[in-house]
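Chains A and B, in that order, give the protein sequences.
Residues 33 to 203 (our numbering) are what the first sequence spells out, left to right.
Residues 33 to 203 (our numbering) are what the second sequence spells out, left to right.
All residues carry an ideal CB built from backbone N, CA and C; glycine is no exception.
All figures in this text were calculated on a predicted structure; none of them were measured in a lab.
Reading through the structure tokens given below for one structure.
2 protein chains.
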Amino acid sequence: MANLKFGKYLMETIIRKAEKSDTEAIFTLIKELAVYEKEPDAVIINKRTFKEHGFGKKPLFKCFVAEINEKVVGIALFYSRYSTWKGPTLHLEDLIVTEEMKGKGIGSMLYTAFLEYADKAGVERVEWAVLDWNRTAITFYQQSGAKVLSDWRTVQMDKKSIQNYFQKINS
Amino acid sequence: MANLKFGKYLMETIIRKAEKSDTEAIFTLIKELAVYEKEPDAVIINKRTFKEHGFGKKPLFKCFVAEINEKVVGIALFYSRYSTWKGPTLHLEDLIVTEEMKGKGIGSMLYTAFLEYADKAGVERVEWAVLDWNRTAITFYQQSGAKVLSDWRTVQMDKKSIQNYFQKINS
């Protein structure tokens, strides 16, 4: 919890664990990010499945939310990964703050909450991905002590390409 | 199962799920990879914890092994991740074949087993990381239909840096 300055006003910002009732707000932020990253059509899951994934019997991720005046204005969403060198690690999938609330330190509070969680969990490493044109984010991460790896590339294969692969090798 | 040619000989290669008794062999391959990637000291977990992580009450990863003459000569090790755009995904953490057995199609068989698993699991995407100087691997992945992303960078922060971060913000 912290008081952040908004113009003349100090507003109380609460960082807390996300609850099922936050689904709508979180999912809206995720779709906003997709627009910011120029891929609005890439979000193929819907709110109902997202709720089940995060708050069902077997949650697939954890999430902190930043709340101002009972409105969710940011999220840090993460899950466990595994390194065969380091053991269990955590992956920060999304760190999002609404356009309107950017630049007020809310992203930093969410980032800190995530790192506190990692510290308590005792993991040897946390990681995430950043777009190489997002200089603001890169500078922020580097100043916090994180390392941007220059020699690794992410490789992805979607469902359709997997199916094409089997068609090819079986023909 | 397939018969691969080794010089004059055809040898039966079996691809199967890893078992607890494979721990020693798998862990040896992981350490070999660390040497190949020029980071032999980066492996900080030991065989005992690795066994617990993979084959204990709450397995943190799944693994296929390639076996020739009852000897494990390759692995494909992976685990679940989550995309807020696509839902559940799979991450291929390690695809390793012993130096001696490289170039005989064993990596391809393990890769196919992983993709078959992904196909059955119905995930929308699989992903992994590749070193940008490993042209052989990159060409192999691209020819299979995977995409190497050029605009994303991996960011990592280790335990020590997380602790430094808290020292800095609390001082």
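- Apart from the 5 residues on each side of it in sequence, B:D183 has no Cβ closer than 7 Å to any other Cβ in its chain.
- B:Q188 belongs to the set of residues whose beta carbon lies under 8 Å from a beta carbon in chain A.
- DSSP places B:K200 within a helical segment (H, G or I) once states are collapsed to three.
- Residues of the region 48-67 of chain B that bring their beta carbon within less than 7 Å of a beta carbon in chain A comprise I62 and A66, in sequence order.
- The three-state secondary structure of A:E125, taken from DSSP, is strand.
- Look at the beta carbons and you see the region 151-169 of chain A not touching the region 130-143 of chain B: under three pairs across the two are nearer than 8 Å.
- Between the region 69-83 of chain B and the region 97-107 of chain B, the count of Cβ pairs shorter than 8 Å is below three; the stretches do not touch.
- Look at the region 157-169 of chain B: the residues with a C-beta under 8 Å from a C-beta of chain A are R157, V158, E159, W160, A161, V162, L163, D164 and W165.
- Listed by position along chain B, the residues whose Cβ is nearer than 7 Å to that of A:F87 form an empty set, because the closest Cβ is around 13 Å away.
- Per DSSP, B:S53 is not a residue of any alpha helix (DSSP H), being assigned neither H nor E.
- By the C-beta criterion, the region 147-156 of chain B is judged not to be in contact with the region 110-124 of chain A, since fewer than 3 inter-stretch pairs fall below 8 Å.
- Taking a contact to require three or more Cβ pairs closer than 8 Å, the region 179-199 of chain B and the region 136-152 of chain B do not qualify as touching.
- Listed as beta-bridge partners of A:Y173 by DSSP are no residues whatsoever.
- Residues of the region 88-100 of chain B whose Cβ lies closer than 8 Å to any Cβ of chain A, in chain order: L92 and F93.
- Contact annotation: B:D126 and B:I62 have beta-carbon atoms nearer than 8 Å.
- Per the coordinates, the alpha-carbon of A:K200 lies some 22 Å from the alpha-carbon of B:W160.
- With respect to chain A, the C-beta atom of B:Y149 has no partner C-beta closer than 8 Å.
- In this structure A:F96 is in contact with A:R48, their Cβ atoms being roughly 7 Å apart against a cut-off of 8 Å.
- The alpha carbon of B:S193 has as its nearest neighbour, out of A:Y197, A:F198, A:Y173 and A:S193, the alpha carbon of A:Y173.
- Taking CB atoms only, A:P72 has no neighbour in chain B less than 8 Å away.
- Contact between B:G119 and A:N196 does not hold, since their C-beta atoms are separated by about 20 Å, which reaches or exceeds 8 Å.
- At a cut-off of 8 Å, the C-beta of A:R185 has a neighbouring C-beta in chain B.
- Non-local beta-carbon contacts of A:L65 in its own chain, meaning distances under 8 Å to residues more than five positions away in sequence, involve D126 and I128 in chain order.
- About 12 Å separates the Cβ atoms of B:A145 and B:L122, ruling out a contact at the 8 Å cut-off.
- Between A:T130 and A:V105, the gap from beta carbon to beta carbon is short of 8 Å.
- By the rule that beta-carbons nearer than 8 Å mark a contact, B:V105 does not touch chain A.
- Take A:D54, set aside five residues on each side of it, and the residues of its chain with a beta-carbon closer than 8 Å to its own are C95, V97 and V104, in chain order.
- Around the CB of A:F59, 16 or more other CB atoms lie within 10 Å, so the residue is classed as buried.
- The C-alpha of B:I170 lies about 31 Å from the C-alpha of B:F87.
- Sequence-distant partners of A:P72 (beyond 5 residues in either direction) whose C-beta falls short of 6 Å from its own C-beta, in its chain, are A66.
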